[in-house]
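Protein chains: 2
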Amino acid sequence: MPTNAIELLKSHSLPMLIEEEIQRVILKGEYAPGDRINEKELVLRFGTSRGPIREALRSLESSGLIEQIPNRGVFVRKLSAAEAANMYDVRAVLFALAGRLMAMRATPEEIARLRGFAQAMDEAIARGDVEAYLRGNFALHEFIVTHAGNPVLASQYLSLIKQLRLYRTRNLMLPESMRASNDEHHEMIDAIAAHDPERAASTHLNHVATAKQRLMATPNIA
Amino acid sequence: MPTNAIELLKSHSLPMLIEEEIQRVILKGEYAPGDRINEKELVLRFGTSRGPIREALRSLESSGLIEQIPNRGVFVRKLSAAEAANMYDVRAVLFALAGRLMAMRATPEEIARLRGFAQAMDEAIARGDVEAYLRGNFALHEFIVTHAGNPVLASQYLSLIKQLRLYRTRNLMLPESMRASNDEHHEMIDAIAAHDPERAASTHLNHVATAKQRLMATPNIA
DNA sequence: CCGGCAAAAATTGTCGACAGTAGTGCAATC
DNA sequence: GATTGCACTACTGTCGACAATTTTTGCCGG
Numbered sequence: 001m002p003t004n005a006i007e008l009l010k011s012h013s014l015p016m017l018i019e020e021e022i023q024r025v026i027l028k029g030e031y032a033p034g035d036r037i038n039e040k041e042l043v044l045r046f047g048t049s050r051g052p053i054r055e056a057l058r059s060l061e062s063s064g065l066i067e068q069i070p071n072r073g074v075f076v077r078k079l080s081a082a083e084a085a086n087m088y089d090v091r092a093v094l095f096a097l098a099g100r101l102m103a104m105r106a107t108p109e110e111i112a113r114l115r116g117f118a119q120a121m122d123e124a125i126a127r128g129d130v131e132a133y134l135r136g137n138f139a140l141h142e143f144i145v146t147h148a149g150n151p152v153l154a155s156q157y158l159s160l161i162k163q164l165r166l167y168r169t170r171n172l173m174l175p176e177s178m179r180a181s182n183d184e185h186h187e188m189i190d191a192i193a194a195h196d197p198e199r200a201a202s203t204h205l206n207h208v209a210t211a212k213q214r215l216m217a218t219p220n221i222a
Numbered sequence: 001m002p003t004n005a006i007e008l009l010k011s012h013s014l015p016m017l018i019e020e021e022i023q024r025v026i027l028k029g030e031y032a033p034g035d036r037i038n039e040k041e042l043v044l045r046f047g048t049s050r051g052p053i054r055e056a057l058r059s060l061e062s063s064g065l066i067e068q069i070p071n072r073g074v075f076v077r078k079l080s081a082a083e084a085a086n087m088y089d090v091r092a093v094l095f096a097l098a099g100r101l102m103a104m105r106a107t108p109e110e111i112a113r114l115r116g117f118a119q120a121m122d123e124a125i126a127r128g129d130v131e132a133y134l135r136g137n138f139a140l141h142e143f144i145v146t147h148a149g150n151p152v153l154a155s156q157y158l159s160l161i162k163q164l165r166l167y168r169t170r171n172l173m174l175p176e177s178m179r180a181s182n183d184e185h186h187e188m189i190d191a192i193a194a195h196d197p198e199r200a201a202s203t204h205l206n207h208v209a210t211a212k213q214r215l216m217a218t219p220n221i222a
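So the sequences go chain by chain: H and F.
The working numbering puts the first sequence at residues 1 to 222.
The working numbering puts the second sequence at residues 1 to 222.
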């Protein structure tokens with residue numbers, strides 16, 4: 001197959017495209033944690049041979065979304081509560097660093113963007129639109145870590161976020177939780193706007209720490 | 001080749017073994033940053049076909065040691081000073097978390113081990129044995145992050161350490177630097193032994209921060 | 001009816017070969 | 001003599017097939 005439509009998208013090799021698609025499917029929940037992923041199935045799905053698919057799976061293994069067991073196959077990674085808790089602790093210090101850096105370097109435009117995110121989330125809460133709230137929440141966090149001026153930090157943080165999506169995606173958001181969480185967002189942004197690195201670091205750290213508390217408090221529904 | 005000697009080592013698939021060997025060769029400096037890695041060369045070196053080798057390279061790419069450019073090949077990753085600085089900042093907050101956790105959970109045996117490392121380094125300095133000092137330094141750091149009770153933290157920290165070895169391995173250690181660094185080690189261990197998480201976190205953070213200062217102060221010899 | 005054993009099916013691991021692309025050097029032309 | 005175009009080379013990308021292992025299935029005996 002010399003000229004397939006999937007090939008035309010440039011600067012992305014075939015294994016990379018396959019990797020992104022498998023990742024999308026996993027995060028969407030089409031494969032559940034613990035499920036086995038059959039290579040032949042992927043062959044049929046993508047119409048390529050097994051070579052590129054195996055390369056994509058190796059890459060996904062390194063990013064922590066799947067697990068390879070020799071001669072047994074690949075499985076969607078299953079996160080225990082303890083592992084998720086560990087990830088939250090690491091995520092917290094990374095996010096604190098992001099907040100600290102943001103407080104030191106944020107431009108007025110960036111601060112305005114941050115306030116925009118928080119306001120949109122306020123409105124989503126008022127409308128009771130959980131979907132929009134979660135979108136805004138992710139956008140705010142992503143904006144902070146990608147604008148902190150440290151790509152290594154951003155990459156590690158986003159990788160953790162991705163892996164954490166494997167843990168109990170049934171993340172029911174109560175209205176009061178959303179309100180409390182967005183209050184914390186406002187405090188974080190105030191600290192950044194005041195260019196107060198210490199306060200930014202502590203508010204960001206606490207934000208993730210309380211999110212962890214909320215998550216760990218929910219009964220195990222798996 | 002049904003029964004090759006390399007195959008007998010268990011619980012490690014062939015791509016994993018190849019990956020470790022390539023990694024070892026890169027970190028040893030046999031391939032320098034920016035060098036191109038030829039697949040055919042690896043085929044001759046390992047005696048396998050290109051399939052397992054390509055899988056190993058994909059995995060190494062995810063761990064940040066090499067870079068793949070479509071249709072061009074793979075290259076040993078080249079770290080700029082800015083990227084190294086970013087890694088040090090992330091490493092600092094991770095190490096601070098490790099120190100905090102260690103202060104909360106370290107057993108008397110672990111504290112004794114820590115003191116043993118620091119003492120061995122003191123002796124290495126007295127002997128002027130830079131090699132032994134560096135070994136002890138790595139052993140101490142590794143011990144702390146792997147005994148902090150957070151495998152996610154350990155994995156990320158060790159991954160950063162590995163990548164940082166691509167940056168100016170000509171890390172000349174002056175005797176006064178080693179003394180100052182090991183003084184910091186003693187302070188870190190004291191904080192852990194006192195089970196003082198805050199002091200442990202700050203001493204660990206500062207230890208990496210000053211290491212970064214020292215590294216960035218050295219003239220660029222690349 | 002159940003457990004263990006053996007053959008068969010399915011799946012992963014590996015390989016050699018072919019296709020396509022980037023880089024190189026030569027040659028012809030201005 | 002410099003430059004542009006072209007063939008050549010070497011490499012990466014992909015594929016289909018074979019080998020080895022695991023899992024399933026069917027059978028037999030208890």
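Think of the CB as a built atom: it goes at the ideal place given N, C-alpha and C, for glycine as much as any other residue.
Next on the checklist: If you follow the alpha helix (DSSP H) that F:Gly-116 is in, where does it begin and where does it stop?
Outcome noted: In this chain, the alpha helix (DSSP H) harbouring F:Gly-116 covers 108–127.
Item to check | Contact residues within the stretch 65–76 of chain F, judged by C-beta distance below 7 angstroms to chain H | outcome: Cβ contacts with chain H: Pro-70.
Checklist entry - Can you tell me whether F:Ala-112 is buried or exposed, with buried defined as 16 or more other CB within 10 angstroms of its CB? => result With fewer than 16 other CB atoms across the displayed protein chains lying within 10 angstroms of its CB, F:Ala-112 is exposed.
Item to check | Proximity to F:Lys-40 [Cα-Cα], best of F:Ala-32, F:Lys-28, F:Arg-54 | outcome: The shortest C-alpha separation from F:Lys-40 is found at F:Arg-54.
Next on the checklist: Can you find the residues in the same chain that come closer than 7 angstroms, C-beta to C-beta, to F:Phe-117, ignoring five residues on each side of it along the sequence?
Outcome noted: Taken in chain order, the residues that qualify are Gly-136, Ala-139, Leu-140, Phe-143.
Item to check | H:Gly-99 to H:Asp-89 span [Cα, whole Å] | outcome: The alpha-carbon atoms of H:Gly-99 and H:Asp-89 are separated by roughly 15 angstroms.
Checklist entry - Is DSSP giving F:Glu-187 helix, strand or coil here? => result Three-state result, F:Glu-187: helix.
Item to check | According to DSSP, residues forming a beta bridge with F:Glu-67 | outcome: DSSP lists F:Phe-75 as partners of F:Glu-67.
Item to check | Whole-angstrom C-beta distance between H:Asn-86 and F:Leu-153, which should lie under 8 angstroms | outcome: For a cut-off of 8 angstroms, the C-beta gap from F:Leu-153 to H:Asn-86 is around 7 angstroms, short enough to register as a contact.
Checklist entry - Looking only at C-alpha atoms, which of F:Thr-218, F:Ser-177, F:Glu-110, F:Leu-14 sits nearest to H:Asn-71? => result Of the listed residues, the one whose Cα sits closest to H:Asn-71 is F:Leu-14.
Checklist entry - Which residues mark the beginning and the end of the alpha helix (DSSP H) in which H:Met-173 is found? => result DSSP places H:Met-173 in no alpha helix (DSSP H); its state is neither H nor E.
Item to check | Uninterrupted beta strand (DSSP E) stretches inside the stretch 12–70 of chain H (no shorter than 3 residues) | outcome: Fully enclosed beta strand (DSSP E) runs of 3 or longer: 66–69.
Next on the checklist: Would the stretch 62–80 of chain F count as touching the stretch 29–45 of chain F if we require 3 or more Cβ pairs under 8 angstroms?
Outcome noted: The stretch 62–80 of chain F makes contact with the stretch 29–45 of chain F; the number of CB pairs closer than 8 angstroms reaches 3 or more.
Checklist entry - So what's F:His-147 in DSSP terms, helix, strand or just coil? => result F:His-147 falls in the coil class under three-state DSSP.
Checklist entry - Within 8 angstroms (strictly less), CB to CB, does F:Val-137 reach chain H? => result The residue asked about is misnamed: residue 137 of chain F is Asn in this sequence, not Val. Not closer than 8 angstroms to any Cβ of chain H, the Cβ of F:Asn-137 fails to qualify, so no.
Checklist entry - Under a CB-based cut-off of 8 angstroms, is F:Asn-38 close to chain H? => result It does not: the Cβ of F:Asn-38 has no partner Cβ on chain H nearer than 8 angstroms.
Item to check | Proximal chain H residues relative to F:Gly-51, where beta-carbon distance stays under 7 angstroms | outcome: Gly-51, listed in chain order.
Item to check | Closest Cα partner of H:Ser-177 within the set H:Glu-110, H:Arg-105, H:Ala-193, H:Gly-128 | outcome: Minimum Cα-Cα distance from H:Ser-177 among the listed residues H:Glu-110, H:Arg-105, H:Ala-193, H:Gly-128 corresponds to H:Gly-128.
Checklist entry - Shortest alpha-carbon distance to F:Ile-66 belongs to which of F:Glu-19, F:Val-208, F:Ala-106? => result Relative to the Cα of F:Ile-66, the nearest Cα in the group F:Glu-19, F:Val-208, F:Ala-106 belongs to F:Glu-19.
Checklist entry - Looking at C-alpha atoms only, which residue of F:Thr-107, F:Met-121, F:Ala-103 is the closest neighbour of F:Asp-183? => result That would be F:Met-121, whose Cα lies nearest to the Cα of F:Asp-183.
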